[in-house]
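**Q** When we follow this note's numbering, the leftmost residue of the sequence shown carries the number 233, and every step to the right adds one. Every residue, glycine too, gets a C-beta built ideally from N, C-alpha and C. Quick caveat, the model's predicted, so the values are computed rather than measured.
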Amino acid sequence: MTNSQTAAELKRKTIAGVQDVQLYIDGQFVDAASHQQFDNISPFTNEKINSVASGGAEDIHKAALAAKKAFKGEWGKMKQSDRLKYVNKIADLIDEYTEELAPLESYDTGLPLSLTKKMVSRASHNFRFYAEMVSSRMVGDAYQVDDEFLNYTIHKPVGVAGLITPWNAPFMLETWKIAPALATGNTVILKPAEWSPLTANKLAEIIDQAGLPDGVFNVVHGFGETAGASLVAHKDVELISFTGETTTGSEIMKNGADALKRFSMELGGKSPIIVFDDADLDRALDACTWGIFSFNGERCTANSRLYIHEDVAGQFITALKERVDNIRVGDPLDDTTQVGPLIHRKHYKKVASYLELAKEEGCEVYQGNVPEEYELGNYIPPTILLNADNSMRVVQEEIFGPVLAVMTFRDEEEVIELANDVRYGLAGYVWTKDIQRGHRVAQAVDAGMLWINSQNVRDLRTPFGGSKHSGIGREGGYYAFEFYTEMQVVHVALGDHKIPQFGKK
Ligand code: NAD
Numbered sequence: 233m234t235n236s237q238t239a240a241e242l243k244r245k246t247i248a249g250v251q252d253v254q255l256y257i258d259g260q261f262v263d264a265a266s267h268q269q270f271d272n273i274s275p276f277t278n279e280k281i282n283s284v285a286s287g288g289a290e291d292i293h294k295a296a297l298a299a300k301k302a303f304k305g306e307w308g309k310m311k312q313s314d315r316l317k318y319v320n321k322i323a324d325l326i327d328e329y330t331e332e333l334a335p336l337e338s339y340d341t342g343l344p345l346s347l348t349k350k351m352v353s354r355a356s357h358n359f360r361f362y363a364e365m366v367s368s369r370m371v372g373d374a375y376q377v378d379d380e381f382l383n384y385t386i387h388k389p390v391g392v393a394g395l396i397t398p399w400n401a402p403f404m405l406e407t408w409k410i411a412p413a414l415a416t417g418n419t420v421i422l423k424p425a426e427w428s429p430l431t432a433n434k435l436a437e438i439i440d441q442a443g444l445p446d447g448v449f450n451v452v453h454g455f456g457e458t459a460g461a462s463l464v465a466h467k468d469v470e471l472i473s474f475t476g477e478t479t480t481g482s483e484i485m486k487n488g489a490d491a492l493k494r495f496s497m498e499l500g501g502k503s504p505i506i507v508f509d510d511a512d513l514d515r516a517l518d519a520c521t522w523g524i525f526s527f528n529g530e531r532c533t534a535n536s537r538l539y540i541h542e543d544v545a546g547q548f549i550t551a552l553k554e555r556v557d558n559i560r561v562g563d564p565l566d567d568t569t570q571v572g573p574l575i576h577r578k579h580y581k582k583v584a585s586y587l588e589l590a591k592e593e594g595c596e597v598y599q600g601n602v603p604e605e606y607e608l609g610n611y612i613p614p615t616i617l618l619n620a621d622n623s624m625r626v627v628q629e630e631i632f633g634p635v636l637a638v639m640t641f642r643d644e645e646e647v648i649e650l651a652n653d654v655r656y657g658l659a660g661y662v663w664t665k666d667i668q669r670g671h672r673v674a675q676a677v678d679a680g681m682l683w684i685n686s687q688n689v690r691d692l693r694t695p696f697g698g699s700k701h702s703g704i705g706r707e708g709g710y711y712a713f714e715f716y717t718e719m720q721v722v723h724v725a726l727g728d729h730k731i732p733q734f735g736k737k
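Laid out in structure tokens, this is it:
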């Protein structure tokens, strides 16, 4: 046993006794009204970690009443500067608990510790960033209309925000929504993914410790079809920010239609990486392997389709295979692990079934290794699908695992057509030293976010979101204000302008 494995085992023992998870409603940790619970399962061993309160319609209703009361009361009336002090306090506390949060997230999700450490620091940054954005950038416009009017706009919070999040980067994605929602003055009900409840629970403890007024922040754990659907349908929940699968997003929009909910939709992806023959192939290889195999392949913006120019395909694929052979698959709590187990047995079976399909569709399936000692976990080795083409389901559908489909192309026109020939449009990556071609191709790819000669490096100020079936709307930066606030325009007459005089004799 290596030293790092010993450290991982120690971490596992330390957090193995995690308590059962309750709901957090109106400033109290409570059981579900039904007293039902579900099991939270380890991706590493498939053993039970703990029990989680299974919220339903009654719990959502209680949370909605509390959140509405807080919005109409102390939180809604609070000065912006005081509100933002709370937001900054949450960031400070997250930093204080990093050593606890990162292993907890790895334990719950199977994501490598080196990644969850970065995500926790991103989470506190989300709160600080939105405190800063609201104070400096949540500004209105003023319009002078001749000498007769001054019109101006203001941003008002919308009310109770329903936030529904996935399991692939739970803590980071939850805070990515909670931070702008709270900083702009809304109250929140969070419905975390049922497969990753632990850090959402810790966040409730942190927000409780930060001393926010009761009801401002609520967490209702539970299943999508019960807790999630009740949140979407509740009449006092004004908006739903959703991140998850495209099919779930479409169902949520149908269910929220009668209540005319405001929606932000961050959905699935099948993003291309296009490597031209003049690219820096070493850097492109680094970016390509990281972009598909980091996050255990469970990354919405993963470059899951590689289009490599036919003149350099041979050498690039040889080098790619070598990387796949050497990626460190291991214990998520080991600092040196690069790929860990998939979140849940059900998801593992879905990804494994795509590998069978790939063979049926005519791909050569080339895989790295999973050490035998990890046979109890949901491990899929890093995988590349050779001889793939756009007509295959494995190229068209989101697999959401460490699986890269590899295709070749001849010229720019062809590769743009191939890149756009999917229903998704979340991200894209272009590698070339010809910068004119780089811009041309990036702008021709139908996706919300493109990178030229880079892996996915995000700046929180830029808009985040997808086109086509990958999403509706943009979050991030001040773009989040469009969703989390109601813009109001006030028209002020400056003098005695003309008013029609109906009925006057
Ligand atoms: P999912 O759609 O299965 O679940 C997401 C959340 O929705 C969970 O909390 C779930 O309980 C809830 N839910 C399910 N059915 C519901 C319903 N009928 N009503 C209300 N809520 C419901 O997604 P997942 O498997 O947790 O996450 C993986 C997916 O998320 C992938 O498709 C990935 O691409 C996508 N994703 C997108 C982004 C992005 O920013 N575009 C980021 C991360 C993940």
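#1: Compute the Euclidean distance between the alpha carbons of residue 275 and residue 613, then round it to the nearest angstrom.
#2: Sorted by chain position, which residues of the same chain lie with C-beta nearer than 6 Å to residue 662's C-beta, five sequence neighbours on each side aside?
#3: Going by the CB atoms, is the gap between residue 464 and residue 487 shorter than 8 Å?
#4: With 16 other CB atoms within 10 Å as the buried threshold, where does residue 546 fall?
#5: Can at least three beta-carbon pairs, one atom from the region 407–427 and one from the region 525–544, be found at a separation below 8 Å?
#6: What's the gap between the Cα of residue 720 and the Cα of residue 703?
#7: Grab me the residues of residue 233's own chain with a C-beta within less than 6 Å of its C-beta, minus the 5 sequence neighbours each way, in chain order.
#8: Quick check on this structure: which residue in 560, 715, 737 has the alpha carbon closest to the alpha carbon of residue 394?
#9: Suppose you measure from the CA of residue 279 to the CA of residue 273; what does that come to, to the nearest Å?
#10: Taking the alpha-carbon positions, what's the residue 738 to residue 270 distance?
#11: Relative to ligand 1, is the shortest distance from any of its heavy atoms to the C-beta of residue 401 smaller than 7 Å?
#12: Where does residue 491 sit, in a helix, a strand or coil, going by DSSP?
#13: Mapping DSSP to helix, strand and coil, what is residue 697?
#14: Secondary structure at residue 412, three-state DSSP: helix, strand or coil?
#15: Mind pulling the beta strand (DSSP E) runs of 3 or more residues that sit fully within the region 375–462?
#16: Could you have a look at residue 280 and say whether DSSP puts it in helix, strand or coil?
#17: Quick check for students: name the residue ranges of the beta strand (DSSP E) that lie wholly in the region 648–684, counting only runs of 3 or more.
#18: Do three or more CB pairs link the region 410–420 to the region 240–248 at distances below 8 Å?
#19: Tell me whether residue 270 sits in a helix, a strand or coil according to DSSP, three-state version.
#20: Relative to ligand 1, is the shortest distance from any of its heavy atoms to the C-beta of residue 496 smaller than 7 Å?
#21: Where residue 598 and residue 667 are concerned, what is the direct C-alpha to C-alpha distance, given to the nearest angstrom?
#22: When the Cα atoms are used, what is the spatial distance from residue 631 to residue 305?
#23: Among residues of its own chain, excluding the 5 on either side of residue 723, which ones have a beta-carbon nearer than 7 Å to its beta-carbon?
#24: For residue 724, list the residues DSSP reports as bridge partners.
#25: May I ask you to list the residues that DSSP assigns as paired with residue 598?
#26: Using 8 Å for Cβ pairs, my map puts residue 326 next to residue 352. What's the rounded Cβ distance?
#27: When you compare the CB positions of residue 361 and residue 320, do they come within less than 8 Å of one another, or not?
#28: Give me the Cα-Cα distance between residue 409 and residue 284, rounded to the nearest whole angstrom.
#29: Between residue 398 and residue 479, is the Cβ-Cβ spacing less than 8 Å?
#30: For residue 710 and residue 413, what's the separation of their Cα atoms in angstroms?
#31: In whole angstroms, give me the CA-to-CA distance for residue 624 and residue 588.
#32: Would residue 567 and residue 368 be called neighbours here (beta carbons separated by less than 8 Å)?
#33: Expressed to the nearest angstrom, what Euclidean distance is found between the alpha-carbon atoms of residue 579 and residue 400?
#34: Assign residue 467 to one of two classes, buried (16 or more other C-beta atoms within 10 Å of its C-beta) or exposed (fewer than that).
#35: Tell me, please, whether the region 689–703 touches the region 330–348 by the rule of three or more beta-carbon pairs shorter than 8 Å.
#36: Would you decide whether residue 610 is buried or exposed? Buried here means 16 or more other CB atoms lie within 10 Å of its CB.
**A** Judging by the given coordinates:
#1: 14 Å
#2: 506, 670, 673, 674, 684
#3: yes
#4: exposed
#5: no
#6: 26 Å
#7: Because the pLDDT of residue 233 is 47, which lies under 50, any placement of that residue in the model is unreliable, and the question is left without a value.
#8: 715
#9: 6 Å
#10: Residue numbering for the chain in the displayed model covers 233 to 737; residue 738 lies beyond these limits and cannot be assessed.
#11: yes
#12: coil
#13: coil
#14: helix
#15: 381–389, 392–396, 419–423, 449–451
#16: strand
#17: 659–663, 681–684
#18: no
#19: strand
#20: no
#21: 33 Å
#22: 45 Å
#23: 381, 383
#24: 382
#25: 616
#26: 7 Å
#27: no
#28: 22 Å
#29: no
#30: 12 Å
#31: 13 Å
#32: no
#33: 11 Å
#34: exposed
#35: no
#36: buried
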